[in-house]
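K.L.:
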Amino acid sequence: METDTTWMSAGNCHNQPPSTFFPSDGVGVEVAKKVCADCPVLGRCLDYALENRIEHGVWGGASERQRRRLLKARRIPVSAVPSYS
Ligand code: SF4
Numbered sequence: 001m002e003t004d005t006t007w008m009s010a011g012n013c014h015n016q017p018p019s020t021f022f023p024s025d026g027v028g029v030e031v032a033k034k035v036c037a038d039c040p041v042l043g044r045c046l047d048y049a050l051e052n053r054i055e056h057g058v059w060g061g062a063s064e065r066q067r068r069r070l071l072k073a074r075r076i077p078v079s080a081v082p083s084y085s
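Numbering-wise, our numbering puts 53 at position 53 of the sequence shown, and it's gapless, one number per residue.
If you want it as structure tokens, here you go:
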């Protein structure tokens, strides 16, 4: 689990109100995702949110629902993926 958060200061959201990234509706989610879209630390932010199981807000350009799907997909063991060879 990553504990270093110094990368956060390089994010596009650094000077944005935190409330932007904790929207109450889908329109707000899209606004936040646009800020994330060209963020230089997007990948690191997304990994941080996934590894730390952060449930709320937009992180790494992903909504709460998108992160739940990513976590679910990552939990599928490789042996459970069918082989088509
Ligand atoms: S990806 Fe989005 S939430 Fe994460 S640091 Fe960048 S702007 Fe902020």
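Positions of the beta carbon are idealized from the N, C-alpha and C atoms, including for glycine.
Could you give the distance in angstroms between the alpha-carbon of Pro-40 and the alpha-carbon of Ala-10?
P.N.:
Distance between the alpha carbons of Pro-40 and Ala-10 is about 7 Å.
K.L.:
So the alpha helix (DSSP H) Cys-45 belongs to, where does it begin and stop?
P.N.:
42-51 is the span of the alpha helix (DSSP H), which, as asked, contains Cys-45.
K.L.:
For the alpha helix (DSSP H) holding Gly-28, just list the boundary residues, first then last.
P.N.:
Note, Gly-28: alpha helix (DSSP H), 26-37.
K.L.:
Per DSSP, which one or two residues make a beta bridge with Trp-59?
P.N.:
According to DSSP, Trp-59 bridges with Ala-62.
K.L.:
For Val-31, tell me which candidate among Pro-17, Gly-43 and Arg-44 has the shortest Cα-Cα distance.
P.N.:
Val-31 has its Cα closest to that of Pro-17, out of Pro-17, Gly-43 and Arg-44.
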